[in-house]
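Chemist: A single structure is presented below for examination.
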């Protein structure tokens with residue numbers, strides 16, 4: 001039996017480090033590991049024959065440190081100390097490097113003995129500022145490996161070492177020595193040239209890039225931390241009728257707890273006492289508070305906006321909706337798309353190839369008689385410019401920012417491979433009930449017979465149906481609740497006629513409400529106009545409810561499911577994205593066609609069982625379509641799993657959500673549009689990042705080897721590449737919802 005664990009990894013400095021740890025872990029029997037450089041975590045599946053100690057020892061043997069999972073709060077706290085030393089190192093290095101670079105670039109500022117002043121300023125930067133690179137390079141070298149830090153350390157030390165030789169043994173230390181800053185390389189003996197500005201400048205650029213990486217990790221993971229911090233900290237639990245404040249992690253299923261106005265609901269539960277409005281906007285994005293009463297479910301971290309509630313806990317800890325949302329976001333951020341796996345494999349062999357290229361460049365220039373300076377400078381430029389940090393950041397940063405932004409908008413992306421599917425989807429299959437429609441019965445029309453009042457028909461029918469438990473009866477009763485100044489009269493002698501309707505005495509009238517057949521049994525026949533209303537309602541897939549009293553049919557109330565207000569707009573926008581919508585439902589064809597006509601769907605497949613839904617998705621796939629499926633119920637779960645891309649309404653069942661690739665927290669079809677737009681935008685960002693990273697290395701290496709770039713410009717360009725990738729990914733934070 002396999003077990004999953006997530007290890008926190010420290011000591012990684014680039015994508016090659018992650019690749020190396022991953023290879024070491026995967027060499028263990030039965031172990032499957034994925035290491036993510038951006039999140040600094042390893043997701044490991046291991047058999048019973050391997051212990052967590054084995055995993056930790058394997059990571060340590062690779063030259064890094066690992067620890068077992070810690071509480072979310074500890075993770076957040078641990079990140080803060082890590083940033084400060086890096087920022088301090090960057091600021092000190094920048095303060096020392098700026099004058100060194102300025103003196104090296106501007107000949108007019110090169111005063112007598114300026115070169116020795118540059119050495120004094122540059123030495124701390126090369127030794128102390130670049131220490132993280134040297135330490136990582138040495139650690140990996142002891143384990144017979146090379147990483148991006150090897151390139152950085154060798155390049156910086158080579159530039160500094162050459163400068164020391166020129167100052168102490170060459171002519172660069174002589175009083176009055178000057179040399180201009182040049183983009184191209186002059187072929188000299190090198191005895192009068194120093195590269196202190198390159199050594200110090202490259203170190204500072206790299207530290208700046210690394211600090212931006214760490215900063216981007218915090219920013220792009222902000223949505224996850226915000227989710228984890230949404231919950232309440234303590235709660236008032238009822239123990240023997242007395243309210244006791246306890247930490248929320250001490251709650252157990254079945255506990256009854258109090259939620260006062262303005263307080264957060266401590267955990268998922270069911271209201272057992274009180275009525276109120278609950279603000280769920282922080283979880284669902286829905287701005288309208290939801291009315292709750294005894295028997296209604298509430299979600300942890302939502303805010304009680306009204307009266308006092310007593311709630312019985314039904315889910316606690318990791319089982320709550322909030323924890324599941326956070327877990328989905330984190331799983332997606334820890335995953336890897338195929339494009340990232342390719343990037344990791346490339347970076348794993350990149351370093352030794354680059355070192356070989358640098359040696360070959362040095363040999364070529366020396367053999368061609370270009371001089372030691374030109375040969376050395378070209379080789380160092382190759383080492384510095386080749387660092388593919390941007391390659392390692394391309395996918396993780398975009399994925400983290402994209403999934404984090406999705407969580408803020410109520411879109412939970414289960415994994416990076418989902419993004420690949422959104423690009424190819426061309427057909428979207430929509431369940432009707434609960435997806436395109438609300439899934440709740442409501443009154444659409446009240447028609448009174450000639451000489452009767454529609455208000456009386458609604459009021460007397462609602463009074464009778466208020467005592468009924470039937471969904472249609474509840475819909476009729478609820479239709480009066482929104483009307484001002486309408487009080488339901490008292491009902492006497494209430495009786496339920498199974499399968500037909502209800503009857504009773506209201507305000508002295510013998511009232512009958514139900515199927516036309518029930519009224520016919522009481523010799524209350526519908527006139528021609530009311531019969532037309534019944535026929536039209538049935539043709540449209542709705543349910544007509546006949547109302548009569550005192551021996552005569554008085555009216556018809558038409559009840560049916562209601563199309564969500566945003567569904568028609570969502571369908572139009574899905575078409576704009578190049579998708580063909582298909583309505584797939586178990587309802588009758590008339591009801592399905594009515595809904596399809598209302599929202600603008602041309603293709604309808606009705607009267608299908610759950611197994612038929614799967615078969616329909618398979619049929620579309622066999623026809624060459626790439627199918628997305630949107631649903632919310634248990635009957636949709638199999639089709640969601642079968643589809644190339646499954647989107648589950650977060651208002652639906654757990655099994656549907658589990659079977660889907662994307663979860664739409666709000667029950668709004670417009671969120672499906674946002675989900676596909678965001679996924680495609682994230683994928684486009686990843687591809688743009690990879691194109692830049694690959695293209696940069698391919699284009700820059702020949703230039704450096706040809707001697708067309710000096711080391712400092714090479715370092716600046718390399719650092720800019722990483723900054724570009726991070727900044728490009730952070731643009732996803734500006735993604736706007738269409739709702």
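Numbering (the UniProt record's numbering), first residue to last: 1 to 739. The beta carbon of each residue, even a glycine, is placed where N, CA and C say it ideally should be.
(1) Whole angstroms is fine: what's the gap from residue 220's alpha carbon to residue 726's?
(2) Tell me, please, whether the region 637-650 touches the region 545-561 by the rule of three or more beta-carbon pairs shorter than 8 Å.
(3) Residues in its own chain within less than 6 Å of residue 473 by CB, not counting five upstream and five downstream?
(4) Below 8 Å, can you find three or more Cβ-Cβ pairs linking the region 61-68 to the region 91-107?
(5) Could you give the distance in angstroms between the alpha-carbon of residue 514 and the alpha-carbon of residue 580?
(6) Looking at the structure shown, is residue 175 part of a helix, part of a strand, or coil, going by DSSP?
(7) Would residue 584 be called buried (16 or more neighbouring beta carbons within 10 Å of its own) or exposed?
(8) Could you please give the first and the last residue of the uninterrupted beta strand (DSSP E) stretch that includes residue 426?
(9) Please confirm whether residue 300 and residue 274 have their CB atoms less than 9 Å apart.
(10) Please go through the same chain and pick out, in chain order, the residues whose beta-carbon is closer than 6 Å to the beta-carbon of residue 365, but skip the five residues on each side of it.
(11) Beta-carbon separation of residue 429 and residue 582 under 9 Å?
(12) Give the single residue among 41, 686, 254 whose Cα lies nearest to the Cα of residue 18.
(13) Using the C-alpha atoms, what's the distance from residue 102 back to residue 740?
(14) Taking the alpha carbon of residue 54 as the reference point, which residue from 169, 36, 30, 613 has its own alpha carbon closest?
(15) Pick helix, strand or coil for residue 382, following the three-state DSSP scheme.
(16) Under the rule that 16 or more other beta-carbon atoms within 10 Å means buried, what is residue 320, buried or exposed?
(17) What number of angstroms, rounded off, separates the C-alpha of residue 188 from the C-alpha of residue 371?
(18) Which one of 231, 160, 158, 197 has the shortest CA to CA distance from residue 316?
(19) Which partner residues does residue 629 have in the DSSP bridge list?
(20) Please name the residue in 540, 607, 166, 603 whose C-alpha comes closest to that of residue 620.
(21) Suppose the cutoff is 7 Å on Cβ atoms and the five residues either side in sequence are ignored; what does the same chain contact list for residue 493 look like?
(22) In terms of alpha-carbon separation, which member of 607, 578, 206 lies closest to residue 627?
(23) Assuming residue 553 and residue 519 make a contact with CB atoms under 8 Å, what is their CB distance in whole Å?
(24) Taking residue 544 as part of the beta strand (DSSP E), name the residues at either end of that continuous run.
(25) In chain order, what are the residue ranges of uninterrupted alpha helix (DSSP H) at least 4 long that sit wholly in the region 248-315?
(26) Which of the three DSSP states, helix, strand or coil, is assigned to residue 6?
(27) Whose C-alpha, out of 302, 303, 278, is nearest the C-alpha of residue 293?
(28) Any idea what DSSP makes of residue 115, helix, strand or coil?
(29) When the distance is taken between beta carbons, is residue 555 closer than 9 Å to residue 448?
(30) Report yes if the C-beta distance between residue 132 and residue 86 is below 9 Å; otherwise report no.
(31) Tell me where the beta strand (DSSP E) around residue 561 begins and ends.
(32) Considering only C-alpha positions, which residue in the set 678, 265, 179, 446 is nearest to residue 305?
(33) May I have the straight-line CA-CA distance separating residue 441 from residue 434, to the nearest angstrom?
(34) Comparing alpha-carbon positions, which option in 363, 453, 530 lies nearest residue 516?
(35) By how many angstroms is the C-alpha of residue 671 removed from the C-alpha of residue 303?
(36) If I'm right that residue 64 touches residue 11 with Cβ under 8 Å, what's the distance once you round it to whole angstroms?
Modeler: In short:
(1) Any reading at residue 220 needs caution, since the residue's pLDDT is 44, under 50, leaving its predicted position unreliable; the model's value is listed next. The alpha-carbon atoms of residue 220 and residue 726 are separated by roughly 10 Å.
(2) no
(3) 465
(4) no
(5) 40 Å
(6) coil
(7) buried
(8) Unbroken run through residue 426: none, as it is neither H nor E.
(9) no
(10) 374, 375, 378
(11) Residue 429 is a Cβ neighbour of residue 582, given a cutoff of 9 Å.
(12) 41
(13) Limits of the chain in this structure are 1 at one end and 739 at the other, which puts residue 740 out of reach.
(14) Of the residues 169, 36, 30, 613, the one whose Cα lies closest to the Cα of residue 54 is 30.
(15) helix
(16) buried
(17) Reliability of the predicted coordinates at residue 188 is poor, the pLDDT of 46 falling under 50, and no value is obtained from them.
(18) 231
(19) Within the DSSP secondary-structure output, residue 629 pairs in a beta bridge with 429, 646.
(20) 603
(21) Cβ neighbours of residue 493 beyond the five flanking positions: 504, 505.
(22) 578
(23) 5 Å
(24) 543-549
(25) Within the region 248-315, the complete alpha helix (DSSP H) segments of 4 residues or longer fall at 281-284, listed in chain order.
(26) strand
(27) 278
(28) helix
(29) yes
(30) yes
(31) 552-563
(32) 265
(33) 11 Å
(34) 530
(35) 23 Å
(36) Confirmed, about 4 Å.
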